[in-house]
Structures are given as structure tokens and as C-alpha cells.
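Notes follow once the structure below has been shown.
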Amino acid sequence: MAGTLIIGASQAGVQLASSLRELGYTDPVTLVGAEEHPPYQRPPLSKALLLGDATPESLLFRAPGFYPDQGIDLVTGERVVTVEKAADGSGIATSASGRRFPFDRLALTVGARARRLPVPGNDLAGVHYLRDSGEALRLREQLQQASDVLVVGGGFIGLEVAASARTLGRSVTVVLADDRLMNRAVQPPISDFFAEAHRRRGVDVHFGVALSRFVDDGAGRVGRVELADGRTFQADLVVVGIGAAPRTELAEQLGLAVDDGVVVDEHGVASDGTTVAAGDCVSCPSPVPGPFGRMRFESVSTAVEQAKVAAATLAGVPVPYRAAPWFWSDQFDLKLQAAGLSAVADRYVVRGDPAAEKFSVLYYRDGLLVATECVNSPADLMAVRTALAKGRTVPSELAGDTSVPLKKLMQDVAVGAA
Amino acid sequence: MPKVTYTSHAGDTRTLDGAAGESVMQTAVRNGVPGITGECGGVLSCATCHVFVDETDLDRCPPMNELEDEMLDGAAQDREPNSRLSCQLVLSDDLDDLHVTTPEFQD
């Protein structure tokens, strides 16, 4: 009996392994990861780790003894490069070093890789990407000596790095191709607020920028950055955060359907009917009702929920993936928390005072609450998460009244719609 | 090493050796204590590490900040006067031998 092989010692991988045991799954479980370290949390890499408030050890998900105690065979430092599988779902995976991992069932939790910026000079010393702890430690070290930090990209990683570098006293410039910050994740009211909030804290932000090349300082390091419009910025440290691409190579080897991620159904099952997948590498049906196509998320909460769903499938007690996605981002003293899918909203209500840097935006579609994006307003975030999970809404005409806690304004959808 | 004792809502008890500088949440999650999730890793974003602190230990805990207070309002199980988010309870020589009870639900 070979049991389940989970490829990818990630947030989703650890959750999947742990959930299998919680569900009473008794077959062997092997969790194999390419990195040398035991599995760790990635979100702090752009924040607490850069600021010196965390160490690689403090980010480990589990104590070393957890894995053997739970009967989980954790294998680190082995990158699986080939997988062969029979129609019944069983097969063998092989790592780059030639180690073989037989399995009865296969789970892919391989995550995503940082997109590379295809411009000349992108291989100069001083040009960084941030995805794993090794990269984060190198960036932390170089931040100590840097004076002019240039961040390419206005997503979470770019902005969190910008905030960390500025907190460390560096001169920081953010350049991005888009016309607003975090445009795949949040709506314009929040994007605009964060642009101004970063500027107030001394970060120089430039939109609609096309990079043409990184220029050598004469010693093999980046010294400045040239833009397509002829402008240049001094930069002795560059961090590129322009998104992540799902790792789909193994899925493609197996002939699984891939569409910006491993295509899975609501139970986390891939197109072969036996392999499961979860986390950043997955393209899934929308977990909430609405006019959505397939989607791919990059957040802790979706990795965790999808891994629980995949584990339930493998354990023979299937449950569909139905949780409203949520995420957070910490930038300076600003806590951004969001829940639901705001992109389909047809109107919004601002609750609180953006000038005081404490407010929430509640998003509506057809008169019903569908999402929120909150700044330093965790009570609102929690109230909306609960409402979305329980099918409740807040009448939009009442939502802006901060004298009443949002949770006291919640109504069942049937009442709210009447 | 500072100790923490976790009691589940059903009454099961487990005592763990923690490390100074690590939180009651981290100690639980790393060792697979059921009833504490800690999804956000300890940055006051998820409220899935809610615990009820033994009344006799409450005074030794650090004061609660505004974010923790707000998050507790939205915890899956209603807060009580002795509710805390265990990611904010960092173990030390002073904060040792802490007793907490986990709620029935975290999410």
C-alpha cells in the first residue's frame, strides 16, 4: 500500500496532509517538497522577515515531531520532475536526484512561481524576486546596504516590500504598468487610498510605466533603471513583483486539463478523475454563486480551504468547495482585509473615514452584499465574512452608519431582498 | 521552558512545553493541538486562535490592543470576558504555566 503522495510541501500540502489524518485516513501519507527546509509560511517573507521580526525557524508550520507523530512522511529537498500514472490513479513520481515515490493517489500542491521580467539586465546582481525564504533572506541582507530601492509591480508583494523597505529607512520608488495598485485583487476606492497612503509615507509611486532595461553600475550590479519614455531612476536594489504563474508542468505530463492552473472540479479533482490539486496551482469553479468563470486564487485561505476539500475527497467523505475567499495584506500600519469577490459589484458603500485611515468598502450586486475591503477595520471584515458564510446581507442604505456595529445591521437575505 | 495547558471544549487536556518568544497559538499549531487554527500565522487577521484564558491567569496576560478587541467581536464563537486571541499571548518566563480552553468552533 503506497497511500497518498502529496507533491508540494506548501501551505496547501501541509493542510492536505494534516486534514487527511483529521479525517481518519489511515493509509500512508508522503509529503515531498523541493526546498531544503520543512514547510513554512510565505506571507511574512515580505513583511516580518524583512523587518527582522521573524526568522525562517519562526515561520515553520509545524514542530519537527508533528510529522512522524501524525504518520506523515515529510521529504524535503527533492524536486519531483516526472510522474507516471495508471488509469486507477496509482503511479510513481521521480525526483531530480532519482528518488522514486510510488503512490495509490496523487495530490498536487505545487504552487506558483514568480513571473520574470523580460527586459535586458534582469540578471544583474541586485535584481530580486521574492517567493521563497532563501530569496527573502538574500533580500533582507541586501536591504541593509541599499539606499535607493525600486519596486517593479503594484501588487501585494511589491507594496509589502515597499512598505518594509521604507520602514527600514530606504528611499523607495514603486513603478507599475497598471493605472492603479493591486488591480487584480481590490477595487479602485482601495487602490486609490493605498496609493495616497504610500505617498504620505514617502514612497514614490508611478503608474503606467514600461521598463526598458536595468543598467549596470559598472561593477556588475544594477545602478539605475531606464523607462520606455526615456526617464531613469537611480536604483541599487530592485525587487520585481509582477505576479505568479502556476506550476503546471507535472499536470501537463499527466495529460491533465490546464487553463491558467490545473483544472479541478468543486471537489478538487482534476480532469483524469483521480488526481486532486489545491492552492495557487489550481483553476477552480467559483466557490460563491455569481457570473464567474473559472478562477485561480493566490491566498492562504483558498489554499487551506481547497486542501481540506481535496483531503475530504481522498478520504472518501467529499464536500464541495464553497467558502468565500478572503485575504489580508499588512503595509506599514495599514491592515487591509478583504472577503468575497468584489469584481462583480455594481455599487459600493464607504463605511468610516478614509482620511482617518480606518474605513471599509462594502460591495453590492443586485442589492445584496457580495464583498468587503477593509482598512484597519477588522470588526467589519469579520462581520462580512460571517454574513457571506451564512447568507446574510446589510441594507446598503444602513451600511454607512458607523454608530451601529456592522454585525448588528445584518439581515437574512430573504428579509434584505424583500 | 514555559508550559501551556490546553483544554478542549469537550474537556480533553494537553500540556506542552513552549519556547519563550513563541505564542500560545504557535505552540498549539506546531504540535497539532485541535481547536486552534491560526490561519493568518499570528498577524491579527483571522480570529481563528480564539481561546478562553483561565480566570486566575488573566491578569498576567499582556493588555489587549484595539485590533485584537475588534477581531474578537467577530470570532466564530461569541467572546466572553476572558477571551483572547492566542497569537497575542507570547510565552516568557513571566507568562508561564498558562491554562487556556479552546472554543467549540474557530470558523
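Listed in order, the protein sequences are those of chains A and B.
Numbered by this note's numbering, the letters in the first sequence go through residues 1 to 418 in order.
Numbered by this note's numbering, the letters in the second sequence go through residues 1001 to 1107 in order.
Idealized CB from N, CA, C, for every residue including glycine.
Under the DSSP definition of a beta bridge, Ser1023(B) partners with Val1090(B). Under the three-state reduction of DSSP output, Ala86(A) falls in the coil class, being neither helix nor strand.
With respect to chain B, the C-beta atom of Leu237(A) has no partner C-beta closer than 9 Å.
Within the DSSP secondary-structure output, Cys1049(B) pairs in no beta bridge.
Chain order gives no chain B residues near Arg199(A), where near means a beta carbon separation below 7 Å; the closest approach is about 24 Å. Listed by position along chain B, the residues whose Cβ is nearer than 9 Å to that of Lys407(A) are Asp1073 and Gly1074. Shown in chain order are the members of the segment 296–308 of chain A whose Cβ falls below 7 Å from a Cβ of chain B: Val300, Ser301 and Val304.
Under the 9 Å criterion on CB atoms, Lys47(A) is classed as interfacial with respect to chain B. Excluding five sequence positions before and after Asp366(A), none of the CB atoms of its chain fall closer than 6 Å to its own CB. According to DSSP, Ile242(A) shares a beta bridge with no other residue. When beta bridges are read from the DSSP output, Thr30(A) appears opposite Leu5(A) and Asp73(A). For Gly65(A), the closest Cβ of chain B is nearer than 9 Å.
For Trp328(A), the CB contacts under 6 Å within the same chain, skipping 5 residues up- and downstream, are Gln337 in chain order. In the DSSP annotation of this structure, Glu1068(B) is not part of any beta strand (DSSP E); the continuous alpha helix (DSSP H) holding it starts and ends at Glu1066 to Asp1073. In the DSSP assignment, Gln144(A) falls within the alpha helix (DSSP H) that extends over Ser133 to Gln145. The continuous alpha helix (DSSP H) containing Gly13(A) extends over residues Gln11 to Glu22. Val349(A) is positioned such that its CB atom lies closer than 9 Å to that of Val361(A).
Chain-order list of chain A residues neighbouring Gly1041(B): Gln41, Pro43 and Pro44, by C-beta distance under 7 Å.
Secondary structure at Met410(A): coil, using DSSP grouped into helix, strand and coil.
For Pro378(A), the enclosing alpha helix (DSSP H) has its first and last residue at Pro378 to Lys390. With 16 or more other CB atoms across the displayed protein chains lying within 10 angstroms of its CB, Gln331(A) is buried. With the criterion set as a beta carbon lying under 8 Å from some beta carbon of chain B, the members of the segment 327–355 of chain A are Trp328, Asp330, Lys335 and Gln337, in sequence order.
Shown here, Lys335(A) sits in a strand according to DSSP, grouped into three states.
Under DSSP, no beta-bridge partner is assigned to Gly208(A). The beta carbon of Pro44(A) is closer than 7 Å to those of Ala54 and Leu59 in its chain, skipping five residues each way along the sequence.
Within chain B, the residues whose beta carbon sits less than 9 Å from that of Ala383(A) are Asp1073 and Gly1074, listed in sequence order. Residues Ser342 of the same chain have their beta carbon placed closer than 6 Å to that of Gln187(A), with the five preceding and five following residues left out of the count. Contact between Gly208(A) and Asp179(A) holds, since their C-beta atoms are separated by about 6 Å, short of 8 Å.
Residue burial annotation: Ser191(A) is buried, with at least 16 other C-beta atoms found within 10 angstroms of its C-beta.
Closest by C-alpha distance to Leu108(A), out of Arg116(A), Arg100(A), Pro118(A) and Ala93(A), is Ala93(A). In this chain, the alpha helix (DSSP H) harbouring Ala251(A) covers Glu249 to Gln253. In this structure, the alpha-carbon of Pro1103(B) lies about 9 Å from that of Ala1010(B). Nearest C-alpha to Ser171(A) among Gly155(A), Pro189(A), Ile157(A) and Val151(A): Val151(A). Between Ala12(A) and chain B, the shortest Cβ-Cβ separation is not below 9 Å. Contact between Val161(A) and Val239(A) is confirmed by a C-beta separation of about 5 Å, below the 8 Å threshold. Counting only the Cα atoms, Gln142(A) lies some 25 Å from Pro38(A).
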